[in-house]
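Notes to accompany the following structure.
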Amino acid sequence: MTAERREGSTAARLARAGFSDPGAAAPALESAAVHGIGNEDELLAALALTADPDAALAALAELAVRLPDAKQLADALTGDPTTRDRLLSVLGASPALAEHLLRHPEDWRAMTGVEQLPPSVLRRRLLAAVGADPDARVPTAALSGSIALDALRVAYRRELLDIAARDLTGVVRVDDVAAELADLAAATLDAALAVARGELPAAAAQCRLAVIAMGKCGGRELNYASDVDVIFVAEPAADTDETDALRTATLLASGLMRVCSATTGEGTIWPVDAALRPEGKAGPLVRTLASHVAYYERWAKTWEFQALLKARPVAGDPELGRRYAESIAPLVWAAAGREDFVIDVQDMRRRVEATLPADARSRQLKLGPGGLRDVEFAVQLLQLVHGRTDERLRSPNTLEALEALSTHGYVGRDDAAELDRAYRFLRTVEHRLQLYRLRRTHVMPDDEGELRRLGRSMGFRGAPVEELHEQWRRHAREVRRLHEKLFYRPLLTSVARLGPAEARLTPQAASARLEALGYLDPPGALRHLEALTAGVSRRAAIQRTLLPVMLAWFADAPDPDGGLLAFRQVSEALGSTHWYLRLLRDEGAVAERLAHLLASSRYVVDLLMRAPEAVAMLADDAELQPRTRDALSAELAAAVGRHETPELAVAAARAVRRRELFRVAVADLLGQLDVEAVGAALTDITATTLQAALDVATRSVQSERGALPTRIAVIAMGRFGGAEQGYSSDADVLFVHDPLDGADEREATDAAHAVANELRRLLGVPAPDPPLGVDADLRPEGRQGPLVRTLASYAAYYARWSQVWESQALLRAQPVAGDRELGARFAALVDPMRYPADGISDAEVREIRRIKARIDAERLPRGTDPARHTKLGPGGLADVEWTVQLLQLRRGADVAGLRTPQTLAALGAAADAGLLEADEAMTLAEAWRLASRVRNAMMLVRGRPGDSLPTDARELSGVARVLGYPPGAAGTMVEDYRRATRRARTVVDRVFFR
Amino acid sequence: MDKQQEFVLRTLEERDIRFVRLWFTDVLGFLKSVAIAPAELEGAFAEGIGFDGSSIEGFARVYESDMLAKPDPATFQVLPWRSELPGSARMFCDILMPDGTPSYADPRHVLKRTLARAAELGFSFYTHPEIEFYLFQHAPEPGQVPAPIDSGGYFDHVAHGAGHDFRRDAITMLEAMGISVEFSHHEGGPGQQEIDLRYADALSTADNIMTFRLVMKEVALSQGVHASFMPKPFTEHPGSGMHTHLSLFEGDRNAFYEAGAQYQLSKVGRAFIAGLLRHAHEISAVTNQWVNSYKRLSGGGEAPAYVSWGHNNRSALVRVPMYKPQKGNSTRVEFRSPDSACNPYLSFAVILAAGLRGIEEGYELSEGAEDNIWELTDAERRALGIEPLPTSLTDAVRAMESSELVAETLGEHVFDFFLRNKRQEWAEYRRQVTRFELDRYLPIL
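Protein sequence lines, in the order shown, are assigned to chains A and B.
One point on numbering: in numbering that gives the first Met the number 0, the residue at position 337 of the first sequence is 336, and numbering is uninterrupted.
One point on numbering: in numbering that gives the first Met the number 0, the residue at position 61 of the second sequence is 60, and numbering is uninterrupted.
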């Protein structure tokens, strides 16, 4: 009865103390009591503070059993609260260390120490553990083989116990823990080297070997479980041949690595990773100092210098290590002057974010957005940029470097403090996570129990899981925000007066940073920043919060300077509207898109300058879908209907067109439309604009002459007819009319001419909107011929005079505006010409080939490189289109699919019908698409049309970026273009000229 | 400014160098040089020296002619010849576009790009060329039959021959320029010389070949004779080839070596040879780029005319030399078609690319040839599946035209220029009425 009640109350007390399985814990508590361990209440209170009371208690009970004499332990647990808390916290937080204790029960005494151990003591202890004399100039282990390996593992873990115990009880801060772990690693490397040395063959040549720690060990900010990154440097001892010495050194280095990483009965320590060495895994494991220096002078990449920021000699020959450090440092600090630095840095930034699979991102402490890597990377980059001129910034340690950057005004003090807090938090979580099994992991568990334990180990005891998540999210968000601000925000301080906690970047430092970020004209950029942020208005205040991120986005685009200037212009135009800045501030995606567009496309900037309010479109993806032809027609009809005079009506239509061009250009630049969709959308815009202008022109003529005695249709030709327009395409058209029954033909023709001329006049009235050229040169007799003909006149002309090249042009005739029925009759009229029943004659085929050959030779402008001409060059648009058109003329009558004005559709049909091999069709289509995309991209980038790939380097790289190439890859783009067109040309030679 | 650059600037000061020659190579393999004063060098290191690319064969057309030559300080070398007083020095340059990116027209970049591709597969490429050339008594004059400096034969030691002095001086000067020479002997034709450059990575070797050709011409000039790398100056004597030994290393390990395999040749080595053989046709226009090159290939002897390989078979296109026991790292293959007048950068690039293609695609190597291929009948060769190499420049150009491998390796720009230039050369050659025709037809027709 009594026993039951006590048991019940024990269970309740256990539950209150945070035990999750009181039933299992009660016997353990009993068993601990048997060994005289402690007053139950105090023990329970102490257990309640651990990460996992169940596990801690179970391990404690087991430990008591394993100790031959548990009395001292019992005494410590009752009389020495410090030792008790340390022991219990380790048992609760780390099954891995608990297991070590159970194997080596006496090691619990390691946790009785009071203070932090200096590196020299750790080194002495570990060397002593393998029987090496710590005072020897070249310590050599007396132990060898598995005995040495076991001894080193036990000694290492004993020290780890001590560090973990003080860490978990809050005696040392996270950065000191990390530093001690690095010191322990250094001591371990020295001891491992002593073991390796003890195992050298007797005849081995003399050498000196220094171990340089890189990464977290180099920065004295190591984790509980991570690879230790090292580089080895060796020199022959006096009178030794270099080759022999290097052979010995390689034996030593690989021996050292094996000693640390091998798995024995006592487990493993950590893998030693030497992959950061020159040439990576392909390079020799050990190099001489001169060889290291030569490599970094000649071959190294920017990221390797970033890695070298953390190089620190930690073991082996101290004098050689020091010489290494002294020789390498100047190279590191010159890295920011390297030619590809800016591109490399941008690459590295992107790579950090891009390499993670999306699902892993959300649980990643290290590499996820707002993770540890973000902080480290930002700090290192700022060090590389400013450390060149300011030696005070050269610490290999992240937090120390951050503090130096803040103290000396390179980043804001508040920002730095915030980042420091977040970094410490993330590192603490990482430590606790790894301590559990001493495994190298950076991924948050998703198991509820593990999260609970992790949360408790961080000291969240109320609702551990929720608190942990809440804190983590907050800090990650903060890091994310700061990561961007860190770079760009201080730039503003060099031109604007901000709060007292802000950094005061000097103009020189600001210029250096802008330059490193890819701005070509830092003084200009600073002037724009000054204009945007000057004053105390709300507007300036919002700009000051916006600009740091905007600057980052400009820097990622092809033309940061142009983007910033355009942003200033748009902001000045829209600054006083109520929604503009709010939209940018509150809708993150809008600001980012705007920055990307402004710094990529002159065309978009030009459109936007005339009507900045179109910015609003960027807020909504649905807005970026091209409008359907029907919707456009309806809106245009309404727009022209609202205006009295023809000029104003057409101006309204052109304004609608401008907005729609903006929509398509933006969707194109944001990668939402492929080249065919762009062609269709632009064609819709042109067709509906023409229809609207035709309506206005008709109205205008009717107001003078009365009702028209005829019906008019507009036939699209060329790329317009094929629904393949680009940004720079004119509207190629034919005008056809058909007098009403009983109308005087002469009068009808005059009226039709008046309408066509009025249409052209109205669309050509000078206006701020992009012009729409209407080109009717493909009409019978060309410019000499009448602008408008009756259907009957077309029929008569084509019947009597037509040439094969006219049939070819008619392949792309497609009615687009005016009288539908008349348009259809026109199409029916020309069908027999363009798809002749028996194909075309051999003489006509020859004629087409001859014309094409002459065009190849004559039409190219003088001095142009044919290979770069997108229209007339080999494998360019004309080559592909003529090849397709020849097939259409020959076989259009019997292959239905060929009867289309669209190049790609006809190409597909030709392949389906076996007129072309599938791979030939693919080659032609690829070249045609690429050439079309290049033409569009040239217009987007420069705001003016072009036929040849730009020769200006900046424009060319802008085009490459719009086509989706990474920075610095303009050469690759030209190469790809030339390859695609060369291949197309071989198909053209085979198919067209055969 | 890095250490190497500082070293260069310091040396200029200490050695009283008055001129620095910036060297680079045009697409056809001619050495180009821009001389600058030491004061301009710092700027050249930082930004490169601007020059008009349209004046260089194959670099650029007029409208995009601005280019930069950026010296590679690791190639700094004081020039030892006496005619260069006061002191002058040279550096090889990389050619850049105005925005600082490498020019696709630069042969050195073509090779670097191909080497980088090999590096991605974990290989570094080493070459060792045996360069043959002739010494003549006089500089060439139109219409004159060239006179060789002696009439010695293979391995003859001609007492006090001009050739002997020449070789001594040449080797001294090469060594002074940091170019190690492995072996030299008198080749088969009168006045013919051979000097072997020691094994080095392909880029250094190509730089060294460019230097070597110039040094030979300089030394010859100083002795009043004339050196020529023309592939085949005499109908009746052997041509000047550049047999090149090739090997791939993975780190410190020779990737061609496998203990116990046939000829100690690894799978990688066999696939590399298979790549060389399969693509021999299409790379021929690069490794043998002149009309005259094909006179050498048709001439028999040590010059290969057929696509085949063999162990120690001196008539084969690819020869696997005798293996030296205990020297696993010496396993190599010898590619025998290139001639001394090729562009070494482009040639090494296409050779490497052909071999790598064999490795990547796992080409199988057919049986090697044991016989002297010259002595087989056409039918025998057909039976053995031995195809001829192109027999003329126009054949070679046609084979190259449809080669994606060569286009990819050279890059579209160089590929296009090279083809146009070679078609032009062939067209000019075809119009010529030759000595052969006059001698044969004039008397009888």
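Even glycine gets a Cβ: it sits at the ideal position worked out from N, Cα and C.
Given residue i as reference, the closest of the options once Cα atoms are compared
{"i": "A/Leu318", "options": "A/Arg698, A/Arg362 and A/Ile211", "result": "Note on residue identity: the sequence assigns Glu, not Leu, to residue 318 of chain A. With distances taken between Cα atoms, A/Glu318 lies closest to A/Ile211."}
{"i": "A/Leu888", "options": "A/Thr789, A/Ala852, A/Leu915 and A/Arg833", "result": "A/Arg833"}
{"i": "A/Ile230", "options": "A/Ala190, A/Glu179, A/Ser290 and A/Glu198", "result": "A/Ser290"}
{"i": "B/Pro189", "options": "B/Ile443, B/Phe135 and B/Trp373", "result": "B/Phe135"}
{"i": "B/Arg429", "options": "B/Asn291, B/Ser53 and B/Ile272", "result": "B/Asn291"}
{"i": "A/Pro200", "options": "A/Tyr223, A/Asp243 and A/Arg219", "result": "A/Asp243"}
{"i": "B/Arg380", "options": "B/Asp415, B/Glu400, B/Ala304 and B/Asp51", "result": "B/Ala304"}
{"i": "A/Ala588", "options": "A/Val64, A/Gln568 and A/Met549", "result": "A/Met549"}
{"i": "A/Tyr602", "options": "A/Leu48, A/Ala178 and A/Ala936", "result": "A/Ala936"}
{"i": "A/Asp619", "options": "A/Glu919, A/Leu583 and A/Ala808", "result": "A/Leu583"}
{"i": "B/Leu114", "options": "B/Glu424, B/Ser239, B/Glu360 and B/Leu409", "result": "B/Leu409"}
Short CB-CB distance (under 9 Å) between residue i and chain A
{"i": "B/Tyr262", "result": "no"}
{"i": "B/Leu298", "result": "According to the sequence as given, residue 298 of chain B is Gly; it is not Leu. No, no contact with chain A."}
{"i": "B/Thr393", "result": "no"}
{"i": "B/Pro70", "result": "no"}
{"i": "B/Thr408", "result": "no"}
{"i": "B/Tyr125", "result": "no"}
Rounded C-alpha distance that separates residue i from residue j
{"i": "B/Glu333", "j": "B/Thr126", "result": "9 Å"}
{"i": "B/Pro147", "j": "B/Ala348", "result": "33 Å"}
{"i": "A/Phe992", "j": "A/Glu925", "result": "20 Å"}
{"i": "B/Ala36", "j": "A/Ala299", "result": "29 Å"}
{"i": "B/Arg116", "j": "B/Ala352", "result": "9 Å"}
{"i": "A/Val442", "j": "A/Leu381", "result": "27 Å"}
{"i": "A/Val120", "j": "A/Arg321", "result": "21 Å"}
{"i": "A/Gly705", "j": "A/Ala696", "result": "13 Å"}
{"i": "A/Leu148", "j": "B/Glu119", "result": "37 Å"}
{"i": "A/Ser536", "j": "A/Val933", "result": "44 Å"}
{"i": "A/Asp343", "j": "A/Trp302", "result": "8 Å"}
{"i": "B/Glu363", "j": "B/Gly309", "result": "15 Å"}
{"i": "A/Leu180", "j": "A/Gly218", "result": "11 Å"}
Cβ-based burial, residue i [other Cβ within 10 Å; buried from 16]
{"i": "B/Ile208", "result": "buried"}
{"i": "B/Glu436", "result": "exposed"}
{"i": "A/Lys851", "result": "buried"}
{"i": "A/Leu647", "result": "exposed"}
Any chain B beta carbon closer than 9 Å to residue i
{"i": "A/Leu330", "result": "yes"}
{"i": "A/Gly523", "result": "no"}
{"i": "A/Gly838", "result": "no"}
{"i": "A/Val569", "result": "no"}
{"i": "A/Val973", "result": "yes"}
{"i": "A/Thr922", "result": "no"}
{"i": "A/Glu296", "result": "yes"}
{"i": "A/Thr985", "result": "yes"}
{"i": "A/Gly717", "result": "no"}
{"i": "A/Arg977", "result": "yes"}
{"i": "A/Ser632", "result": "no"}
{"i": "A/Gly970", "result": "yes"}
Inset, instruction - Please list the residues of the stretch 271-293 of chain A that have a C-beta atom closer than 9 Å to any C-beta atom in chain B, keeping them in chain order. - result: Glu278, Lys280, Ala281, Gly282, Pro283, Val292 and Ala293
Legend entry - Positions along the stretch 925-952 of chain A whose CB lies within less than 8 Å of some CB in chain B: Thr950 and Ala952
Legend entry - Against chain A: residues of the stretch 3-28 of chain B by CB proximity under 8 Å: Gln3
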